[in-house]
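What follows is a short report on a single structure.
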Amino acid sequence: MTSTLDLAADGALTVSVRGVTHRYPGADGRALLALDGVDLDVRAGEFVSIVGPSGCGKSTLLRLVAGLIASQAGGIEVLGGTPGDAQRAHALGLVAQEPGLLPWRDVAANVRLPLDVTRTPDGARVNALLEQVGIADFAGYRPGALSGGMRQRVALARALVHRPRLLLMDEPFGALDELSREAMRVELLRIWEQERIAVLFVTHSVAEAVLLSDRVVVMSGRPGRVRAVIDVPLPRPRGEAQESSAAFIETAAAVRAALRAGDDGGAA
Amino acid sequence: MNGPAAEFSMPRSSWAAAVLPPVVALTAILALWEVYVRVRDVKDYLLPPPSAVFRALWDDPDRFASAAATSLTAALGGLVLASGIAFGLAVLAAHSRVLERAIYPPALLVKVTPIVALYPLLAIWFGFGIGPKVAIAALITFFPMLVNAIVGLRSVDPQALDAMRVLAASRWEIFRRLRFPSSLPYVFAALRISVPLSLVGAVVAEFLSGSSGMGQLILIANGAFDTASLFGAVFVLAALGVSLTALVGYVEGRVLDWHVSAGA
Ligand SMILES: Nc1ncnc2c1ncn2[C@@H]1O[C@H](COP(=O)(O)OP(=O)(O)OP(=O)(O)O)[C@@H](O)[C@H]1O
Ligand SMILES: [Mg+2]
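Protein chains in written order, with our numbering: chain A, 1 to 268; chain B, 1 to 264.
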């Protein structure tokens, strides 16, 4: 854990988003302003969450950082280069709300996919990750035979297998039941502490954001703007037990207040 | 009482449940047909009894076998040719909307044109041998494969695609690891449609050319009022269609054991 903190402390920026504005072509011919002048930093090894109302552009922001959509205005740097450079350096891992597994591959082969694509076979790494996310017993199963929670574990292992330096997660536990969600949070914390990589994490759950993150970025509704960035002062390693600590409750209250600030027309 | 036991015996009984009804129904139809023809004393040239049809097949199996081989070669030749070209074009179309818009109208033209009308032209171009038969079978099976393959190659799971794109995976990597396997259920659906169509194409071409194969055999039998042989040819063609479709189904089951349709 101390090394995680060291990495965070050295201040190197894994993600730097500056004044990013993004428009989609709207149905009625007018452009839809999805993001408006967004700034965002993720330092090396840091866990940053984004919360905000539905449709505020969280996924858009994440996909811009991932290089999955082309940026229109403003600057996006990932690991000192463009998102495309980060892709080519195999420095990115992605977990979305749906696992997106290949149904014809078994669990182990799904986890191996990034190594196949990048032609860097590493059977030991695959096995270690299967162990880490707790699905080693199902290595030979096809995704169709797994529960939703288990599929999402496979997706997480796949996103990590090539040792990315930035993990991008878009409501990764959004489709899971509450119990699986809680289990996955704890697993993610454990894995993050082992892998020591930067995480950019989109969620609708304030409690999830506070429990996991070093900082929580609160966005406002359309057009998406950053309304507040809230530091989470909870010590690491973290666990569910901390949800009843005063610091947790205070921080969660601050995040909720920032989320609500727009409702009555005020800006934080 | 013994519910679980009944459940465990499911696979075997469901296999029997799948095979028995059609066999029983088919046997019943043949039996009724036989009885009807004998009781009403129907003339052989109008409707021979099944026993006469089987006797015709039995008396000269080589005639039917060689005609069937000729037709089958033309049908499968056309099918393979058309499926290969259609899949290749579908790969291009799936990667570019512009190419898709260029490929679709001529393909649609091929689809809506009554292919049979092209026969004289095809005969001029390809002679009177296997050429025009292959061409007709190919033209008739081209469109189902093209359309299905384009849809299939596009039907990739967007999350899986994203997972590959963040690794800067090349088009080729995405094609072979994602697009191609995703397209297979659609390719097999196309084959189920086009396999029987290819037989239709070959036999129709043989009707028109009268040169060889099952089509010619039927024409000759017809001219000789040999209705039993005519029915024999129909039986053989039906058996070919059923066997080829079953073969496609079998290969599909092996290749697509991961697909949701496999469990059904
Ligand atoms: N491909 C697209 N084309 C047009 N508009 C889009 C597209 N993707 C997103 N939008 C619009 O941009 C806005 C932001 O979408 P985005 O998916 O980034 O929001 P979000 O914060 O992730 O929402 P949610 O919390 O519901 O996932 C929405 O109004 C959405 O309708
Ligand atoms: Mg979203």
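Heads up, the beta-carbon is just placed ideally off N, CA and C, and yes, glycines get one too.
Residue i Cβ short of 8 Å to ligand 2 heavy atom set
i                 : result
SER59 of chain A  : yes
ASP170 of chain A : yes
VAL202 of chain A : yes
Three-state class that DSSP yields for residue i in the structure shown
i                 : result
PRO83 of chain A  : helix
TYR24 of chain A  : strand
SER209 of chain B : helix
SER54 of chain A  : coil
ASP36 of chain A  : strand
ILE230 of chain A : strand
LEU68 of chain A  : coil
ASP177 of chain A : coil
GLU77 of chain A  : strand
ALA12 of chain A  : coil
VAL166 of chain B : coil
VAL202 of chain A : strand
GLY19 of chain A  : strand
LEU101 of chain A : coil
LEU46 of chain B  : coil
ALA123 of chain B : helix
ALA261 of chain A : coil
PHE225 of chain B : coil
Ligand 1 heavy atom lying under 8 Å from the CB of residue i
i                 : result
TYR24 of chain A  : yes
GLY29 of chain A  : no
ALA96 of chain A  : no
SER205 of chain A : no
LEU68 of chain A  : no
SER54 of chain A  : yes
ALA209 of chain A : no
ALA117 of chain B : no
GLY224 of chain A : yes
ALA73 of chain A  : no
LEU161 of chain B : no
ALA34 of chain A  : yes
Residue-chain proximity (residue i, chain A), Cβ-Cβ < 9 Å
i                 : result
ARG254 of chain B : no
GLN216 of chain B : no
HIS259 of chain B : yes
ASN2 of chain B   : Any reading at ASN2 of chain B needs caution, since the residue's pLDDT is 41, under 50, leaving its predicted position unreliable; the model's value is listed next. No - not a single Cβ of chain A is within 9 Å of the one on ASN2 of chain B.
ASP162 of chain B : yes
GLU206 of chain B : no
ALA239 of chain B : no
VAL251 of chain B : no
Residue i versus the options, residue with shortest Cα-Cα distance
i                 : options                               : result
ALA86 of chain B  : B:ALA123, B:LEU139, B:ILE124          : B:LEU139
LEU256 of chain B : A:SER54, A:VAL126, A:LEU102           : A:LEU102
PHE143 of chain B : B:ILE115, B:PRO61, B:LYS43            : B:ILE115
ALA96 of chain A  : A:VAL126, A:GLY221, A:LYS58           : A:LYS58
LEU62 of chain A  : A:PHE201, A:ALA31, A:SER220           : A:PHE201
ARG192 of chain B : B:PHE180, B:ALA168, B:LEU247          : B:LEU247
VAL232 of chain A : A:ALA207, A:VAL226, A:ASN110          : A:ALA207
TYR36 of chain B  : B:VAL24, B:SER51, B:PRO22, B:VAL23    : B:SER51
LEU130 of chain A : A:ALA155, A:ARG256, A:VAL229          : A:ALA155
GLY93 of chain A  : A:GLY37, A:ASP170, A:ALA128           : A:ASP170
LEU259 of chain A : A:ARG225, A:ALA89, A:ALA241           : A:ARG225
ALA189 of chain B : B:LEU121, B:GLY249, B:ALA56, B:ILE103 : B:GLY249
ASN110 of chain A : A:THR21, A:GLY81, A:VAL218, A:MET150  : A:MET150
Own chain partners of residue i with C-beta closer than 7 Å, once the 5 adjacent residues on each side are dropped
i                 : result
LEU240 of chain B : ALA68, LEU72, LEU199
ARG18 of chain A  : ASP39, GLY74, GLY75
ARG165 of chain A : THR14, LEU79, ALA91, ILE197, ALA198
LEU146 of chain B : ALA86, LEU89, ALA90, ALA107
ALA123 of chain B : PRO132, SER209
LEU79 of chain B  : ALA137, THR141, SER194, VAL195, SER198
ARG142 of chain A : PRO103, ASP106
PRO121 of chain A : LEU115
ALA252 of chain A : VAL206, ALA207, VAL210
Below-9 Å beta-carbon distance, residue i vs any chain B residue
i                 : result
GLY57 of chain A  : no
HIS162 of chain A : yes
VAL232 of chain A : no
LEU130 of chain A : no
Own chain, CB closer than 6 Å to residue i, minus 5 neighbours either side, in chain order
i                 : result
TYR138 of chain A : This sequence places Phe at residue 138 of chain A; Tyr is not what is there. So the list reads VAL107, once near-sequence residues are dropped.
ARG153 of chain A : VAL133, ILE135
TYR45 of chain B  : PHE225, THR227
ALA25 of chain B  : none
PRO49 of chain B  : GLU34, VAL37
Close beta carbons around residue i, own chain, < 8 Å, minus the five adjacent residues each side
i                 : result
PHE180 of chain B : LEU153
SER213 of chain A : PHE47, VAL48, SER49, PHE201, VAL232
ALA31 of chain B  : none
Under 9 Å by beta carbon: chain C residues contacting residue i
i                 : result
PRO185 of chain B : Included in the structure are the protein chains A and B, with no chain C among them.
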